[in-house]
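Take a look at the structure set out below.
Residue numbers (full-length UniProt numbering): 1 to 155.
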């Protein structure tokens, strides 16, 4: 099937793949055409980051659909943010593109479910808004937790 990948400049790239192919295959084709290594490519479909090891069919991508390509410049990485709410069944893990110099306030601003009443934690340690990822030695693919703060400051 033929799908399209829109670059940052808005130019669509035509790619022929099978639904059972992995997302990585799309990135490898883009590398052949554009010369961009797969490890610095991020593919998005309706705002969701596509994971390399998942088949195209997992994301319900069909022929003629368009994906969006963004680049990670060296020094950037991706972390997981586990968003929890007071509702017992609400739990969502988001992938967020970050730099080591980003503050936790910057990261909160990229998470759609956060408010001023949220707190980030890494291994149960409270992360202050003005601290950075590098302050806590947080690496690529690490997971931080995002909790809603209730009255009295408890999580």
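Glycine residues also receive a C-beta, built at the ideal position from the N, C-alpha and C atoms.
Exercise for the section: Using three-state DSSP, classify residue 156 as helix, strand or coil. Expected result: There is simply no residue 156 to check, as the chain begins at 1 and stops at 155 in what is shown.
Practice task
Sort 18, 22, 19, 29 by Cα distance to residue 5 and report the nearest one.
Solution key: 29
Practice task
Could you tell me which of 95, 69, 37, 45 sits nearest to residue 58, measuring between CA atoms?
Solution key: 45
Practice task
Please look up how many angstroms separate the CB atoms of residue 120 and residue 107, rounded, as I've assumed it's under 8 Å.
Solution key: Contact check for residue 120 and residue 107: beta-carbon distance about 7 Å, within the 8 Å limit, so the pair qualifies.
Problem - Same chain, Cβ closer than 8 Å to residue 53, neighbours up to 5 away in sequence not counted - result: 22, 23, 24
Handout entry: Own chain partners of residue 68 with C-beta closer than 8 Å, once the 5 adjacent residues on each side are dropped
Key = 5, 6, 43, 44, 45
Practice task
Write down the C-beta distance between residue 49 and residue 83 rounded to the nearest angstrom, noting that I regard them as a contact closer than 8 Å.
Solution key: No, residue 49 and residue 83 are not in contact; Cβ-Cβ is about 15 Å, not under 8 Å.
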